[in-house]
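Line by line, the protein sequences are chains A and B.
Count along the first sequence from 1, add 45, and you get the number used in the numbering used here.
Count along the second sequence from 1, add 45, and you get the number used in the numbering used here.
Number of protein chains: 2
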Amino acid sequence: MTGGAEEVPVGLPRNYLRPCLLLLLAEGTSHGYELLDQLPALGMHRVDPGGLYRCLRAMDQEGLVRSAWEPSTSGPARRTYELTDEGREWLHVVAGSLAELSRSLATYRRRYQRSVQRHERRR
Amino acid sequence: MTGGAEEVPVGLPRNYLRPCLLLLLAEGTSHGYELLDQLPALGMHRVDPGGLYRCLRAMDQEGLVRSAWEPSTSGPARRTYELTDEGREWLHVVAGSLAELSRSLATYRRRYQRSVQRHERRR
DNA sequence: GCGACGTAGGTGCACCATACACATACCGGG
DNA sequence: CCCGGTATGTGTATGGTGCACCTACGTCGC
């Protein structure tokens, strides 16, 4: 607009990938490549596979998920991930945090709209 | 619960500080130390002053805000910040992004609750 | 046979926001 | 005179994220 047109880094929540993966795994056992396709529906556009696999392995080591190799007749083997009880607990906690964030964003929106109205009235 | 009690990094949106500061400045001219007190109301608990002042100066250099030193009779001088037109534009854009994020979080919540219900029913 | 393509998983690395610690300066009160 | 509250900063480590790149398997087409 003004010339600068600075790139506006929108910004998803920090560590948003983990909650998303846990939710998807709560909906059913899956593997990395498939999860990659399902992530955009949760607001995660252009996820890099590297980070995804790293995240899955980290959660595996922490006991939030359980992994198992599943040989495939067509194509390379898949590593399937399953949510553990601890992972389900974690999901519950993080869902609460996201709900709190959602409330903060609602507050933000309310105050933003009020400030816009005040600005419009002043013109 | 299980013993680990892993620290859950909740995670506010990336670059959330900027939108918050711009909103607060849209509500009225202010200075750093005062903004520091107003941030918790927008979900930002325990903000470090360093980052705050850095952020304000960065936005000043980018032309999103305008700063002016205001001498004080009691206590040190204050640097007051005022929103520019460009900053208001930026605020509008970023508010849209946050609204989009809010929608993603709503989707997340819906799917989470459905997955919980399915899990309860299975027991 | 062989290269190209889609599937599937993985490593290395640089960047940048954030977090934490610490420094400076002004003023008033005990 | 030191201390606490106000107010603004600097230095630096950490860690999530993004980008580039790599391996391996199977299949289709030439």
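Just so it is clear, CB atoms sit at the ideal spot from N, CA and C, and this is done for glycine as well.
Just so we're clear, the structure is a prediction, and the values are computed from it rather than from any experiment.
Excluding five sequence neighbours on each side, which residues of the same chain lie with their C-beta closer than 7 Å to the C-beta of Leu-81(B)? Val-92, Pro-94, Leu-97
The segment 74-103 of chain A: which residues have C-beta closer than 9 Å to a C-beta of chain B, in chain order? Ala-86, Leu-87, Gly-88, Met-89
Does Leu-150(B) get closer than 9 Å to chain A when you measure Cβ to Cβ? Taking Cβ atoms only, chain A reaches closer than 9 Å to Leu-150(B), which makes this a yes.
Which term fits Tyr-153(B), buried or exposed, when burial requires 16 or more other beta carbons within 10 angstroms of its beta carbon? buried
Less than 8 Å between C-beta atoms, sequence neighbours within five positions excluded: which residues of the same chain meet that for Asp-105(A)? Arg-111, Ser-112, Tyr-126
Spatial distance of Tyr-61(B) from Ser-117(A) (CA atoms): 44 Å
I think Leu-57(A) touches Gly-108(A), with their Cβ atoms under 8 Å apart; what is that distance to the nearest whole Å? So it is not a contact: roughly 25 Å between Cβ atoms.
So Leu-69(B) and Leu-146(A) are in contact, right, with Cβ under 8 Å, and what is the actual spacing, rounded? Contact doesn't hold; Cβ gap of about 18 Å is too wide.
Using a Cβ cut-off of 9 Å, which residues of the segment 112-130 of chain A contact any Cβ in chain B, in chain order? Asp-130
Note down the Cα distance separating Pro-121(A) from Gly-77(A), rounded to an integer number of angstroms. 13 Å
Can you confirm whether Arg-167(B), when its beta carbon is compared against all beta carbons of chain A, has any partner nearer than 9 Å? no
Distance cutoff 9 Å, beta carbons only. Does Leu-66(B) sit that close to anything in chain A? Chain A contact via Cβ: absent.
At a CB-CB cut-off below 8 Å, which residues of chain B make contact with Arg-154(A)? Ala-140, Leu-143, Ala-144, Ser-147
Are the C-beta of Val-161(B) and some C-beta of chain A separated by less than 9 Å? Yes, contact with chain A.
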